Structure formats: C-alpha cells, structure tokens
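Residues 1 to 448 (UniProt numbering) make up the first sequence, in order.
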Amino acid sequence: MRSEPSILHVDLDAFFAAVEQRDKPSLRGKPVVVGGIGLRGVVSTASYEARKYGVRSAMSTAEARSRCPHAAYLGGRFDAYRATSAAVMAQMRELSPLIEPLSLDEAFVDLEAAGLSGLDVTKVAAIADQLKEAIHAASGGLTASVGAGTSKLIAKIASDLDKPNGTVVVPPGTEAEFLAPMQVTVVPGVGPATAQRLTMAGVRTVADLQQLSLDELVRQLGTSQGTNLYRLATADDSRAVVSDRETKSISIEDTFETDLIDRAVLAAIADGMARRVSERLQKAQLSGRTVTVKTRMHDFTTHTRSSTLAGPTDDPRIIARVARRLLEESDISGGIRLLGVGVSSLADWIQDDLFIDSEAAEAEEVAVELPEQRRTRDRAGYYPGQDVIHTEYGEGWVWGSGRGRVTVRFETARTPPGPVRTFAIEDPALAVHYPHRPPEEDTDVAAG
DNA sequence: TCTGGGGTCCTAGGACCC
DNA sequence: TCTGGGGTCCTAGGACCC
Numbered sequence: 001m002r003s004e005p006s007i008l009h010v011d012l013d014a015f016f017a018a019v020e021q022r023d024k025p026s027l028r029g030k031p032v033v034v035g036g037i038g039l040r041g042v043v044s045t046a047s048y049e050a051r052k053y054g055v056r057s058a059m060s061t062a063e064a065r066s067r068c069p070h071a072a073y074l075g076g077r078f079d080a081y082r083a084t085s086a087a088v089m090a091q092m093r094e095l096s097p098l099i100e101p102l103s104l105d106e107a108f109v110d111l112e113a114a115g116l117s118g119l120d121v122t123k124v125a126a127i128a129d130q131l132k133e134a135i136h137a138a139s140g141g142l143t144a145s146v147g148a149g150t151s152k153l154i155a156k157i158a159s160d161l162d163k164p165n166g167t168v169v170v171p172p173g174t175e176a177e178f179l180a181p182m183q184v185t186v187v188p189g190v191g192p193a194t195a196q197r198l199t200m201a202g203v204r205t206v207a208d209l210q211q212l213s214l215d216e217l218v219r220q221l222g223t224s225q226g227t228n229l230y231r232l233a234t235a236d237d238s239r240a241v242v243s244d245r246e247t248k249s250i251s252i253e254d255t256f257e258t259d260l261i262d263r264a265v266l267a268a269i270a271d272g273m274a275r276r277v278s279e280r281l282q283k284a285q286l287s288g289r290t291v292t293v294k295t296r297m298h299d300f301t302t303h304t305r306s307s308t309l310a311g312p313t314d315d316p317r318i319i320a321r322v323a324r325r326l327l328e329e330s331d332i333s334g335g336i337r338l339l340g341v342g343v344s345s346l347a348d349w350i351q352d353d354l355f356i357d358s359e360a361a362e363a364e365e366v367a368v369e370l371p372e373q374r375r376t377r378d379r380a381g382y383y384p385g386q387d388v389i390h391t392e393y394g395e396g397w398v399w400g401s402g403r404g405r406v407t408v409r410f411e412t413a414r415t416p417p418g419p420v421r422t423f424a425i426e427d428p429a430l431a432v433h434y435p436h437r438p439p440e441e442d443t444d445v446a447a448g
C-alpha cells in the first residue's frame, strides 16, 4: 500500500447506454437499455433513466420490459463502444504511461508511474477532475466516475460511491476505517456464494471480517481466497498496476431462442463457432492447444469437455473436428440452450512452427539420448524414443505408453526439443502409426 | 421474469513420472 | 509385498467480474 493516493480507478457511467444517447439525440433523457433483445436476453447496461424503474445489469430483458416497457431496447454496437473506449483510454495514457484497462469502460491509472509526487487529497482530486473533463471532451460528452486511493482496492471501491460523474479520494491512513462499515460484498471477489458462507459465519460487514483470524478465514474459504480476503479486509493491498495482460483463452458461445437437440444442426453450429474462434486467434497472432466445448442444459446446468492437442493450432478445420468429437461425447438429451467453442493453452507462435522439415527432424533424432533401460518395448508395444507416431498435428516420437494412453514427443523449430504430450490411444488424432522397426510377431501394436 | 457473452482464477482428482 | 511423496499435466466444475 502506498503513502500517497496515487492509484485512480476510472469507471465510465452507464457506458453502452451513454454511447447510444450520444449518437442518437432522441434517446437523451430517456430510458435506454442495451443488451440481449431476444427471448433469452439479459441487460448489459441501463441508462440512469431506466434504472429509476428498477432495471439493472444482468436482469433478464423480459423482466426489464415489464418494469420499463417504454424504454428503448437496443442490441448494442460494439464497434462504436470499442472506438469510444479507445479514445477514453488514450486520455488516460496522456496522464500516465501506466494504465490497466479492466474492460471497455474501466481502468486503473497509476499516477506514481507518471512521475507525479506530493500527491495529497486536494491535488489528486484536481487531477481526477481534469481527467474527467478530458474524457468528456474526447468521448463526445460521456461522464466518468473516479476513485482514488493508496491501492487498487480502495480506488475501485471509491469510484463506485458517488456515481455518476463523481470523484472520491480516500485519504491515506483512513483505509481500514473507510472499509469497515461496508458490506463484505463491496470487496471484489466476494460474490453471492462467498457472501452466503460469510453470513453463516456471522460476517456481514468488513468490520466483522476484520475480527476473523487468518486461520478461520482460510478454513471457511480455502487458502487462496481466505488469505486474499484477510489482507483486503485490513486494506492490505499492494497489487501493482499492470498494463499488458496476456490473453489466456478465446471463445464463442451462443444461447439459442429455443433449446436445440438435433446433433446435425449443433455440429454445423459448432463448425461456424470453430471458424470464428480461428479467425480471432489468427487476428491476434495466437494459437492454442486445448479445445473446449461448452453446453448448457434446459435446467441451466453447464458442462464442458476439453481435449488438448500435441501442438498449438489456429486451423479452423482442426478446431472444428475436435469440437465435433467433443460434442458427440456430450449428453444433449433433452436439448441444450447454449453451445460454446473455445481455445486455451495459448501460444504466441503459430501452427506452421510445429511442422518442420525432415532434415531438422533427423538432426534432432540424432541428438536424442535415451537412458538404457528405456530401450525396450513398453506395455503397449512401442519402442520409446524410436517409434514415431504420425498425427495430423505432425510427427512425434513415442515417449512412453500404457493404460490406454501414449505420450508423444514433438520436435518444433522454435522450441526444440519440443513439447511432450499425452494422447489417448483411441484418439482419432492418432491417424497412423509408423513403427521405425516392425513390431515382433507377438506384439499387439496399439490400435490407432 | 428465468438466468448473455466474454473472460479470469481456483480447486480437486487422476495419470504419470521420478 | 507394501509403501512413499513431490511435481506436472490434463480435465471438469465453480465462483466471480464487467
């Protein structure tokens, strides 16, 4: 935690709805709801006029319509939101080289990294107000709320206290007492499930939380969340402002107007999703090894199935093939309301790097030295380090096998000696099996 | 009035290796 | 014949955030 309130949290007010009102003057001063407008839609953002009728984010659009039938219901124009967000973020970068966007409408700004010093409450409030004016001008009239404090936690909570168009600076040294009277749910990371567990332990406010020992909190919530919450409750937060956070996964999902049960229809939808995921991977110069299919049943229970490839891919055909297989393995009886396809275990090198010319592969083969005791056939009949398995992701040496799985070592140009990956032997990815030497007569080579 | 779409992080168990 | 513990990878599910 810092000695000066040098972290700002900037939060644009009713962002999506505000952009719509900016671009369409007839909507100004009127209730506007942006979100899913179909039968199963939910509200993303409600303008302040719509909030007067009880319309809230994450509420079903059906309920919003019943509460506020005369509002304008809009599906959203994300290109416009992205462009506006970029203009706003640029204003923050003018103020400091170190900003951390959390979403299109939120970011931390590090004033310390801007070389500013002697930051007392008055000075920070003035800086915040200037920033809000700059944002207003650059965005075509949008307002923001700003919180400032000695840590991310305090800045984030403060920005929420005087919305819209507020500025709240929490004086250094007053953090714990600032938090104490608040509900535990103001602490980021404490959602409904955690709040309920805490309630059962007699904890409703941060002050209640401050009474608990670390041991007790860890018992209630586990090591990670317990220790985190223990620190945050006493305003002990030294998390740094971090600019470029790397993408960990890319996914597409869709909720259908009515539940779908036809496997052929779903397979075709999965193909389209695989293509869109692939496009986004390629645009971001990323590829990934794990393909995940997500299904949501009529009763809202959600399942995921995933499969990890030998090497990263951004190929729509491969993603689609794996997604189809995972979908086939999924239970869709009774119909599903949602289908999703995603790719994770991302790498910033692309698929082509996995395929290398045979010359390089041979050079690598020479370099491979195996311990003597491994130069024997394993349980599934492979010679580890000598047999080669051909997969659609490239060729790799068998590194060991048994119990229905085979471990394959891949050689890649960029990352020799390459990843070691495990496949189920029945995995269709193992299209062909080429032993370097013929298996002995009694050897039952694992079925491909 | 039933519950979006895009993410992140954590946990837990099993397989496998040393 | 039984008994280990640590570490990594993978899978599945859940909580949470905007």
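C-beta atoms are modelled at their ideal positions from N, C-alpha and C, and glycine is treated no differently.
It should be emphasised that the depicted structure is a prediction, and the values quoted were computed from it without experimental measurement.
Among 51, 314, 327, nearest to residue 164 - alpha-carbon criterion: With distances taken between Cα atoms, residue 164 lies closest to 51.
Apart from the five residues on each side of it in sequence, which residues of its chain come closer than 6 Å, Cβ to Cβ, to residue 267? Closer than 6 Å at the Cβ level, and outside the excluded window around residue 267, lie 324.
Helix, strand or coil for residue 4, going by three-state DSSP, please let me know. Secondary structure at residue 4: coil, using DSSP grouped into helix, strand and coil.
Simplified DSSP state of residue 70, which is helix, strand or coil: Secondary structure of residue 70 (DSSP, three-state): coil.
Which residue wins for smallest C-alpha separation from residue 339, given the options 161, 65, 152, 260? Selected option, being the one with the closest Cα: 260.
Identify whether residue 59 lies in helix, strand or coil by the three-state DSSP scheme. The answer is coil: DSSP assigns residue 59 none of H, G, I, E or B.
Skipping 5 residues on each side, what residues in its chain have a beta carbon closer than 8 Å to that of residue 357? Below a pLDDT of 50, predicted positions are generally treated as unreliable, and residue 357, at 35, falls in that range; the measurement from the model is reported next regardless. Taken in chain order, the list of residues that qualify is empty.
Mapping DSSP to helix, strand and coil, what is residue 332? When secondary structure is reduced to three states using DSSP, residue 332 falls in the coil class, being assigned neither helix nor strand.
Boundaries (first-last residue) of the beta strand (DSSP E) holding residue 214: That residue, residue 214, is in no beta strand (DSSP E); its alpha helix (DSSP H) goes 214–221.
Since residue 287 and residue 312 are thought to touch, with beta carbons under 8 Å apart, how far apart are those beta carbons, to the nearest angstrom? About 4 Å separates the two Cβ atoms, so the contact holds.
Is it true that the CB of residue 326 sits closer than 9 Å to the CB of residue 291? Yes. Within cutoff.
Kindly identify the DSSP beta-bridge partner or partners of residue 108. Residue 108 is bridged to 9, 100.
Would you report the Cα separation of residue 319 and residue 329, rounded to the nearest angstrom? Each residue's CA atom was taken as its position, placing residue 319 and residue 329 some 15 Å apart.
Going along the chain, which residues of its own chain have a beta-carbon closer than 6 Å to the beta-carbon of residue 6, five neighbours each way excluded? So the list reads 111, 112, 119, once near-sequence residues are dropped.
When burial is assigned at 16 or more other CB atoms within 10 Å of the CB, is residue 31 buried or exposed? By the neighbour-count rule (16 or more Cβ atoms within 10 Å), residue 31 is buried.
C-alpha distance - residue 236 paired with residue 262, whole-angstrom precision: The alpha-carbon atoms of residue 236 and residue 262 are separated by roughly 53 Å.
Would you give the residue range spanned by the beta strand (DSSP E) that residue 179 belongs to? From DSSP, residue 179 is part of no beta strand (DSSP E) but of the alpha helix (DSSP H) over 175–179.
Buried versus exposed, by CB contacts within 10 Å (16 or more), residue 242: Exposed, by the Cβ-count rule.
With the cut-off set at 9 Å, would you say residue 175 and residue 205 are in Cβ contact? Residue 205 sits away from residue 175, with the two beta carbons spaced by 9 Å or more.
Where residue 294 falls, given that 16 or more other Cβ within 10 Å makes a residue buried: By the neighbour-count definition (other C-beta atoms within 10 Å, threshold 16), residue 294 is a buried residue.
Considering just the uninterrupted stretch of the beta strand (DSSP E) at residue 307, what are its terminal residues? 302–313 is the extent of the beta strand (DSSP E) around residue 307.
Does the beta-carbon distance from residue 144 to residue 168 come in below 9 Å? In this structure, residue 168 does not lie closer than 9 Å to residue 144 by Cβ.
Is DSSP giving residue 238 helix, strand or coil here? Three-state result, residue 238: coil.
Which whole-angstrom value is the C-beta distance of residue 117 and residue 109, which I expect to be below 8 Å? So it is not a contact: roughly 16 Å between Cβ atoms.
For residue 195 and residue 201, I'd like the C-alpha separation in whole angstroms. Their backbone Cα atoms lie some 10 Å apart in a straight line.
Please classify residue 245 as buried or exposed, where buried requires at least 16 neighbouring CB atoms within 10 angstroms. Label assigned to residue 245: exposed.
So residue 249 packs on residue 346, CB below 8 Å; how close in whole Å? Between residue 249 and residue 346 the beta-carbon gap is near 7 Å, inside 8 Å, which marks them as a contact.
As a quick exercise: from 66, 114, 46, pick the residue whose alpha carbon is nearest that of residue 75. Nearest option by C-alpha distance: 46.
Out of 301, 284, 341, state which residue places its alpha-carbon closest to the alpha-carbon of residue 307. That would be 341, whose Cα lies nearest to the Cα of residue 307.
What whole-angstrom Cβ distance do residue 11 and residue 159 have, given they're in contact under 8 Å? The C-beta separation of residue 11 from residue 159 comes to about 5 Å, placing the pair in contact by the 8 Å criterion.
Quick one: is residue 132 buried, meaning 16 or more other Cβ sit within 10 Å of its Cβ, or exposed? With 16 or more other Cβ atoms within 10 Å, it is buried.
Using three-state DSSP, classify residue 284 as helix, strand or coil. Note: residue 284 maps to coil in three-state DSSP.
How would you label residue 34, buried or exposed, when you count the other beta carbons within 10 angstroms and need 16 or more for buried? Looking at its Cβ environment, which holds 16 or more other Cβ atoms inside 10 Å, residue 34 is buried.
Kindly confirm or deny that the region 119–128 and the region 77–88 touch, where touching means at least three C-beta pairs closer than 8 Å. In this structure the region 119–128 does not lie against the region 77–88, because fewer than three pairs of beta carbons, one per stretch, are closer than 8 Å.
Hey, how far is the Cα of residue 197 from the Cα of residue 240? Answer to the nearest angstrom: the Cα atoms are 29 Å apart.
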